[in-house]
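J.: So the protein sequences, as listed, match chains L and B. The numbering used here puts the first sequence at residues 9 to 343. The numbering used here puts the second sequence at residues 9 to 343. Think of the CB as a built atom: it goes at the ideal place given N, C-alpha and C, for glycine as much as any other residue. Everything numeric in this text was worked out from a predicted model, so none of it was measured.
Protein chains: 2
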Amino acid sequence: MIKLGKQTYQLEKDISVVTGLSLVGQKEGDGPLKRYFDFVEKDDKMGEKTFEKGERHMFVKAISSAIKKSGFSNEQIDLYVGGDLMNQLVSSNYTAEELEIPFLGLYNACATMTESLIIGSTFLETGGLNNVICATGSHFSTAERQYRYPLEFGNQRQSYAQWTVTGVGASVLSSVKKSKVKIRKFTVGKVTDFGICDIANMGAAMAPAAMETLNAFFKDTNTTQKDYDLIATGDLGKLGSDIFKDLMQEKGYDLETNYIDCGHMIYNIDQDTLQGGSGAGCSAVVLNSYILNKLNTGEFKNVLLISTGALMSTTVNQQGDSIPCIAHLVLLEVE
Amino acid sequence: MIKLGKQTYQLEKDISVVTGLSLVGQKEGDGPLKRYFDFVEKDDKMGEKTFEKGERHMFVKAISSAIKKSGFSNEQIDLYVGGDLMNQLVSSNYTAEELEIPFLGLYNACATMTESLIIGSTFLETGGLNNVICATGSHFSTAERQYRYPLEFGNQRQSYAQWTVTGVGASVLSSVKKSKVKIRKFTVGKVTDFGICDIANMGAAMAPAAMETLNAFFKDTNTTQKDYDLIATGDLGKLGSDIFKDLMQEKGYDLETNYIDCGHMIYNIDQDTLQGGSGAGCSAVVLNSYILNKLNTGEFKNVLLISTGALMSTTVNQQGDSIPCIAHLVLLEVE
Numbered sequence: 009m010i011k012l013g014k015q016t017y018q019l020e021k022d023i024s025v026v027t028g029l030s031l032v033g034q035k036e037g038d039g040p041l042k043r044y045f046d047f048v049e050k051d052d053k054m055g056e057k058t059f060e061k062g063e064r065h066m067f068v069k070a071i072s073s074a075i076k077k078s079g080f081s082n083e084q085i086d087l088y089v090g091g092d093l094m095n096q097l098v099s100s101n102y103t104a105e106e107l108e109i110p111f112l113g114l115y116n117a118c119a120t121m122t123e124s125l126i127i128g129s130t131f132l133e134t135g136g137l138n139n140v141i142c143a144t145g146s147h148f149s150t151a152e153r154q155y156r157y158p159l160e161f162g163n164q165r166q167s168y169a170q171w172t173v174t175g176v177g178a179s180v181l182s183s184v185k186k187s188k189v190k191i192r193k194f195t196v197g198k199v200t201d202f203g204i205c206d207i208a209n210m211g212a213a214m215a216p217a218a219m220e221t222l223n224a225f226f227k228d229t230n231t232t233q234k235d236y237d238l239i240a241t242g243d244l245g246k247l248g249s250d251i252f253k254d255l256m257q258e259k260g261y262d263l264e265t266n267y268i269d270c271g272h273m274i275y276n277i278d279q280d281t282l283q284g285g286s287g288a289g290c291s292a293v294v295l296n297s298y299i300l301n302k303l304n305t306g307e308f309k310n311v312l313l314i315s316t317g318a319l320m321s322t323t324v325n326q327q328g329d330s331i332p333c334i335a336h337l338v339l340l341e342v343e
Numbered sequence: 009m010i011k012l013g014k015q016t017y018q019l020e021k022d023i024s025v026v027t028g029l030s031l032v033g034q035k036e037g038d039g040p041l042k043r044y045f046d047f048v049e050k051d052d053k054m055g056e057k058t059f060e061k062g063e064r065h066m067f068v069k070a071i072s073s074a075i076k077k078s079g080f081s082n083e084q085i086d087l088y089v090g091g092d093l094m095n096q097l098v099s100s101n102y103t104a105e106e107l108e109i110p111f112l113g114l115y116n117a118c119a120t121m122t123e124s125l126i127i128g129s130t131f132l133e134t135g136g137l138n139n140v141i142c143a144t145g146s147h148f149s150t151a152e153r154q155y156r157y158p159l160e161f162g163n164q165r166q167s168y169a170q171w172t173v174t175g176v177g178a179s180v181l182s183s184v185k186k187s188k189v190k191i192r193k194f195t196v197g198k199v200t201d202f203g204i205c206d207i208a209n210m211g212a213a214m215a216p217a218a219m220e221t222l223n224a225f226f227k228d229t230n231t232t233q234k235d236y237d238l239i240a241t242g243d244l245g246k247l248g249s250d251i252f253k254d255l256m257q258e259k260g261y262d263l264e265t266n267y268i269d270c271g272h273m274i275y276n277i278d279q280d281t282l283q284g285g286s287g288a289g290c291s292a293v294v295l296n297s298y299i300l301n302k303l304n305t306g307e308f309k310n311v312l313l314i315s316t317g318a319l320m321s322t323t324v325n326q327q328g329d330s331i332p333c334i335a336h337l338v339l340l341e342v343e
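1) Going straight from the alpha carbon of L/Phe202 to that of B/Phe308, what length do you get?
2) Can you tell me whether B/Thr241 is buried or exposed? The criterion is at least 16 other CB atoms within 10 Å of its CB, across all chains shown.
3) In chain order, what residues of the same chain lie with their CB nearer than 6 Å to the CB of B/Tyr267, ignoring the 5 residues before and after it?
4) Determine the chain B residues that contact L/Tyr115 at a beta-carbon separation under 8 Å, and present them in chain order.
5) What does B/Ile127 reach in chain L if we use C-beta pairs closer than 7 Å?
6) Return yes when the Cβ of L/Ser249 is within less than 9 Å of the Cβ of L/Gly285, no when it is not.
7) Below 8 Å on C-beta distance, what does B/Lys198 contact in chain L?
8) Hey, out of B/Tyr115, B/His336, B/Val140 and B/Gly306, whose CA is closest to B/Glu343's CA?
9) Hey, does L/Glu60 have any beta-carbon neighbour from chain B nearer than 9 Å?
10) In whole angstroms, what separates the C-alpha of B/Asn95 from that of B/Lys76?
11) Check L/Gly128 in the structure and name its three-state DSSP category.
12) Could you spell out the range, first to last residue, of the beta strand (DSSP E) harbouring B/His147?
13) At a cut of 8 Å, does the segment 148-166 of chain B reach the segment 40-48 of chain L through at least three beta carbon pairs?
14) Does any residue of chain B have a CB that is nearer than 9 Å to the CB of L/Leu337?
15) Near B/Tyr88, what residues of its chain come up, given a Cβ to Cβ distance below 6 Å and the 5 sequence neighbours on each side ignored?
16) So within the segment 214-301 of chain L, which uninterrupted beta strand (DSSP E) runs reach at least 3 residues, ignoring any that extend past its ends?
17) For L/Leu247 and chain B, any beta-carbon pair shorter than 9 Å?
18) Assuming L/Phe194 contacts L/Ala218 under a Cβ cut-off of 8 Å, what Cβ separation, rounded to an integer in Å, is found between them?
19) Go ahead and pull the three-state DSSP assignment for B/Gly37.
20) Look at the Cβ atom of L/Asn296, then the Cβ atom of L/Gly211, and state whether they are nearer than 9 Å.
21) Taking 8 Å as the cut-off, does the CB of L/Tyr168 come closer than this to any heavy atom belonging to the ligand MN?
22) According to the Cβ coordinates, are L/Tyr236 and L/Leu312 closer than 9 Å?
23) How many angstroms separate the CA atom of L/Gly287 from the CA atom of L/Val324?
24) Could you pull the DSSP bridge partners for B/Ser24 from this structure?
25) Under 9 Å, Cβ to Cβ, is there at least one residue of chain L near B/Lys227?
26) So, at 7 Å on beta carbons, what are the nonlocal neighbours of L/Asn360 in its own chain, with the 5 sequence-adjacent residues on each side left out?
27) Enumerate in chain order the residues of its own chain whose CB-to-CB distance from B/Gly39 is below 7 Å, with the five nearest sequence positions on each side excluded.
28) Quick check: the Cα distance between L/Glu63 and B/Thr322, rounded to an integer number of angstroms?
29) Going by C-alpha to C-alpha distance, which of L/Ser81, L/Gly145, L/Asn209 and L/Asp254 sits closest to L/Gly175?
30) If you check the beta carbons only, do B/Leu263 and B/Pro216 fall under 9 Å apart?
31) Give the C-beta separation of B/Ala74 and B/Gly197 to the nearest angstrom, bearing in mind that I take them to be a contact with Cβ-Cβ under 8 Å.
32) What residues from chain B crowd round L/Gln15, counting only those whose CB sits closer than 8 Å?
33) For B/Ile204, which option in B/Ala335, B/Ile331, B/Gln34 and B/Asp22 has the closest C-alpha, if you only look at C-alpha atoms?
34) What's the C-alpha gap between L/Ala335 and L/Val199?
35) Where L/Phe59 and L/Ala292 are concerned, what is the direct C-alpha to C-alpha distance, given to the nearest angstrom?
36) May I have the straight-line CA-CA distance separating L/Gln34 from L/Lys50, to the nearest angstrom?
This is the structure:
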């Protein structure tokens, strides 16, 4: 691995994204990306008694299916890296138990998908492993009641709020099996806090972290937005991505032509999600459906994915603290 | 990196533990290991208004001091990997913001210290980085009120309960600066659940995970307990380590002569901690004080550290779920 500048690394081994798999809830399945998803689940409890058990069920189904789709058995997957939004990563823990694959639990909120790709590809880069599964997800009903209000309370949503994506995305990375799409570079983000204390206003909180990471990547690699077919942020939503574009403009980068936000694009405007999607599942399912599809069909030759995480805690938020945020970037390229 | 057997990896690069630093509270400072700790803090709020802010203050002090002790500046540390027991890893997030070092957040409960050493040394193994800081910690008062009861409730503690260690341990790993102590091998654990539902009985819940990981390591490396000067588990406590020894005995390994549990050894019997210490800080501070000291003085030539994590969540515990557990192993050797 070669360090470029201050925060960016270039992989020397050929690391393929062999498989991407996406499982979503009905609301996401009704959105503009519906034809790209592998599974759309009508029942967001998956036949279980609680939303938490339903979320876990989604994880097990998505990750087992991803491994099957890649043509590997569970035994051939050396490592499972990932996490979720639940406290203590319960959905991932129970999934790792079910799969019986050695597990490293990660948490960087909604930036966990790119975090898992960074750690997974670094393990493969050492040459000691063949195949790694990277996966994250989230669930509207479990996240809402853990981070904000009881669902039964039926609170009015702020105009700047986002909607947690119900879905799980999983990518199988391999250094032995080849595919068209490769992970080439990544940038590890720094925690950035711009003083936003409102836990509904995550887009504004995360936009500066996304800007810091993309700016660091451009500086470290001596490239600009013009060198990439697509630049995608994780879940800034409409408001957050407008702020992000303004911040990038101030740095001299014009993102008007080749920029999307996974959160902004996952729902239709009439789906009443206000600023759009959020959650660890957001960039995970868009990467493992739309983005990988467009890379595999050759429509995009290279994509920068910047998952963005609002590392907020209800406990310290109630003690008056603002929301620290982080963003990790991964460069995906077609061979 | 070379894969040995099913779950174990051997590092090919020379990865030194340049510095270990331990910061603990007064109770830990009154225990048998007091002369090994770098800092003993009288005020477990560190002059702050809340325990959570106090914990964060401990993290910043311990990690900054570890970097200083290693002779590096913050800019020379390429990566910070670690976590804590607070939901969303708040203590680590705020510390990463303060230090301005690229950050990857990890969560495997009390197994996070060895998880961070595994990920830190894997990044160094690629040759792309020079120095990584690995750190975890915990705080009795923040963990108790997050995982169990409000402190003011003053509940009676179960006879099989443990006491969360207040403390932070930090290790600086380097592939450029040399020290006597090296990380040579590691085993990534699998999630193991033996059906314990009582959130006070963590030793019994974690013992099978520790057994699975140590057993996998012995099989993968074709060694036994006789090949190591010390085998240390993270925080099984007295009861948990008795169960662990029994389970290892059943597998044919007799741990009577060279085995300790960090949780069992950190408090004196008259300190009223019942089965002993627990928490992400437990194996972190014992590693970065007593164990590194004995390796550096040559008393131990090689040590197996198996941090053990009870991945319990109050939400799903209340829904009737048992506690999934994990244990990760690291082999430390003197050159």
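T.: Quick answer:
1) What you label residue 202 of chain L is simply residue 194 of the first sequence in a count that begins at 1. What you label residue 308 of chain B is simply residue 300 of the second sequence in a count that begins at 1. C-alpha separation (whole angstroms): 47 Å.
2) Reading the second sequence from its first residue, position 233 is the one you call residue 241 of chain B. B/Thr241 comes out buried.
3) As a working note, residue 267 of chain B is residue 259 in the second sequence. Sequence-distant Cβ neighbours of B/Tyr267 in its own chain, meaning closer than 6 Å and more than five residues away, are Ile239.
4) Numbered from 1 along the first sequence, position 107 holds the residue referred to as residue 115 of chain L. Within 8 Å Cβ-Cβ: Gly91, Gln96, Leu97, Gly113, Leu114 and Tyr115.
5) Position 119 of the second sequence, counting from 1, holds the residue named residue 127 of chain B. For a Cβ distance threshold of 7 Å, residue set Leu112 and Ile127 of chain L lies close to B/Ile127, ordered along the chain.
6) Locating residue 285 of chain L in the first sequence gives position 277, counting from the first residue. Locating residue 249 of chain L in the first sequence gives position 241, counting from the first residue. Between L/Gly285 and L/Ser249, the gap from beta carbon to beta carbon reaches 9 Å or more.
7) Numbered from 1 along the second sequence, position 190 holds the residue referred to as residue 198 of chain B. Here the neighbours are Ala104, Glu105, Glu108, Ile109, Pro110 and Phe111.
8) For the purposes of this step, residue 343 of chain B is taken as residue 335 along the second sequence, with counting starting at 1. It is B/Gly306.
9) Walking along the first sequence from the start, residue 60 of chain L turns up at place 52. Taking Cβ atoms only, chain B reaches closer than 9 Å to L/Glu60, which makes this a yes.
10) By one-based count along the second sequence, residue 95 of chain B stands at place 87. By one-based count along the second sequence, residue 76 of chain B stands at place 68. So the alpha carbons of these two residues sit roughly 28 Å apart.
11) The residue you call residue 128 of chain L lines up with position 120 of the first sequence. DSSP places L/Gly128 in helix when its eight states are reduced to three.
12) Sequence index remark: in the second sequence, residue 147 of chain B carries index 139 (1-based). That residue, B/His147, is in no beta strand (DSSP E); it is neither H nor E in DSSP.
13) They do not touch, by the three-pair rule.
14) In the first sequence, residue 337 of chain L corresponds to position 329, counting from 1. Closer than 9 Å: no.
15) Counting from one through the second sequence, the residue named residue 88 of chain B turns up at place 80. Cβ neighbours of B/Tyr88 beyond the five flanking positions: Ala104, Ile109, Phe111 and Ile141.
16) Along the segment 214-301 of chain L, the beta strand (DSSP E) occurs as fully enclosed runs of 3 or more residues at 238-241 and 267-269, listed in sequence order.
17) Your numbering for residue 247 of chain L matches position 239 in the first sequence. It does not: the Cβ of L/Leu247 has no partner Cβ on chain B nearer than 9 Å.
18) Taking the first residue of the first sequence as 1, we reach residue 194 of chain L at position 186. Taking the first residue of the first sequence as 1, we reach residue 218 of chain L at position 210. Wrong, their Cβ atoms sit about 15 Å apart, outside the cutoff.
19) The count along the second sequence starts at 1 and reaches residue 37 of chain B at position 29. B/Gly37: helix per DSSP, three-state reduction.
20) For the purposes of this step, residue 296 of chain L is taken as the residue at position 288 of the first sequence. For the purposes of this step, residue 211 of chain L is taken as the residue at position 203 of the first sequence. By the CB criterion at 9 Å, L/Asn296 and L/Gly211 fall outside the cutoff.
21) Ligands in the displayed structure: none, and consequently the ligand MN is not present.
22) Position 228 of the first sequence, counting from 1, holds the residue named residue 236 of chain L. Position 304 of the first sequence, counting from 1, holds the residue named residue 312 of chain L. Yes, they are a contact pair.
23) Position 279 of the first sequence, counted from the first residue, corresponds to residue 287 of chain L. Position 316 of the first sequence, counted from the first residue, corresponds to residue 324 of chain L. If you take the alpha carbons of L/Gly287 and L/Val324, they lie about 20 Å apart.
24) By one-based count along the second sequence, residue 24 of chain B stands at place 16. Beta-bridge analysis with DSSP links B/Ser24 to B/Ser182 and B/Lys190.
25) Counting from 1 along the second sequence, the entry for residue 227 of chain B is found at position 219. For B/Lys227, the answer is no, since every Cβ of chain L falls outside 9 Å of its Cβ.
26) Nothing about residue 360 of chain L can be read from this structure; chain L reaches only from 9 to 343.
27) In the second sequence, residue 39 of chain B corresponds to position 31, counting from 1. So the qualifying residues of the chain are Ile274, Tyr275, Asn276 and Gln279.
28) Start at 1 with the first residue of the first sequence, and residue 63 of chain L comes out as number 55. Start at 1 with the first residue of the second sequence, and residue 322 of chain B comes out as number 314. Take the alpha-carbon of L/Glu63 and the one of B/Thr322: they are about 16 Å apart.
29) For the purposes of this step, residue 175 of chain L is taken as the residue at position 167 of the first sequence. The residue with the shortest Cα to Cα distance from L/Gly175 is L/Gly145.
30) Locating residue 263 of chain B in the second sequence gives position 255, counting from the first residue. Locating residue 216 of chain B in the second sequence gives position 208, counting from the first residue. Going by C-beta atoms, B/Leu263 is not nearer than 9 Å to B/Pro216.
31) Looking up residue 74 of chain B in the second sequence gives position 66. Looking up residue 197 of chain B in the second sequence gives position 189. With a beta-carbon spacing of about 25 Å, B/Ala74 and B/Gly197 fall beyond the 8 Å limit used to define contacts.
32) Position 7 of the first sequence, counting from 1, holds the residue named residue 15 of chain L. What L/Gln15 touches in chain B: Pro110.
33) In the second sequence, counting from the first residue as 1, residue 204 of chain B sits at position 196. The closest CA to that of B/Ile204, considering only B/Ala335, B/Ile331, B/Gln34 and B/Asp22, is found on B/Ile331.
34) On the first sequence, residue 335 of chain L is found 327 positions in, with the first residue counted as 1. On the first sequence, residue 199 of chain L is found 191 positions in, with the first residue counted as 1. Their Cα atoms are separated by approximately 8 Å.
35) Indexing the first sequence from 1 puts residue 59 of chain L at position 51. Indexing the first sequence from 1 puts residue 292 of chain L at position 284. Approximately 20 Å, taken between the alpha carbons.
36) Counting from 1 along the first sequence, the entry for residue 34 of chain L is found at position 26. Counting from 1 along the first sequence, the entry for residue 50 of chain L is found at position 42. Taking the straight line from one Cα to the other gives about 5 Å.
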